[in-house]
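What follows is a single structure, written as structure tokens, with notes after it.
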Amino acid sequence: MCQLTRNVWSDNGEVLLARKGALLIGEQNKVMTQGVARVFVNWTTLKDENVNVRIGALGTDSLGASGLPAWVDNHFGQRFGGALLLSLLGDGLDILKNSTQQTGSNSNITYEKHI
């Protein structure tokens, strides 16, 4: 359900089709595909004061593209977080190992515990 924020006029601008404040009732399409950040809506009823008008209109944006822009949670952190963490951990250990090695000579790493 949504409320109109401005008057809706006919194509030639002479006939008022729906007043500001009228309610639109519709159905949302639940099917979402990967990479699509749009919600598909089918408007079914327009309520204006005591008048109910049955309509069958698809929701579009201002350019006429099908559906309305929406925010979609792609769960990026859940999908790639583990792999990124393992990669960073492995690279960090490699850097640490390479920084302690000296080329052409034997080297020892000594860990001292201070009490």
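Once you know that position 8 of the sequence shown is 680 in the working numbering, the rest is easy, because the numbers rise by one and skip nothing.
Just so it is clear, CB atoms sit at the ideal spot from N, CA and C, and this is done for glycine as well.
Relative to the C-alpha of residue i, which candidate in the options has its C-alpha closest?
{"i": "Ala-742", "options": "Ala-709, Trp-681 and Phe-752", "result": "Ala-709"}
{"i": "Ala-690", "options": "Asn-679, Gly-698 and Glu-699", "result": "Asn-679"}
{"i": "Asn-714", "options": "His-786, Met-673, Phe-752 and Asn-724", "result": "Met-673"}
{"i": "Phe-712", "options": "Asp-733, Gly-693 and Asn-724", "result": "Asp-733"}
From residue i to residue j, what does the alpha carbon distance come to, in whole angstroms?
{"i": "Gly-739", "j": "Asn-722", "result": "29 Å"}
{"i": "Thr-716", "j": "Ile-697", "result": "6 Å"}
{"i": "Asp-766", "j": "Val-744", "result": "37 Å"}
{"i": "Glu-686", "j": "Gln-675", "result": "22 Å"}
{"i": "Arg-726", "j": "Asp-720", "result": "12 Å"}
So, with DSSP's three-state summary, where would you put residue i?
{"i": "Leu-765", "result": "helix"}
{"i": "Ser-682", "result": "coil"}
{"i": "Asn-770", "result": "helix"}
{"i": "Arg-710", "result": "strand"}
Please classify residue i: is it buried, with 16 or more other beta-carbons within 10 angstroms of its beta-carbon, or exposed?
{"i": "Gly-731", "result": "buried"}
{"i": "Leu-718", "result": "buried"}
Can you find the residues in the same chain that come closer than 7 Å, C-beta to C-beta, to residue i, ignoring five residues on each side of it along the sequence?
{"i": "Leu-688", "result": "Asn-679 and Trp-681"}
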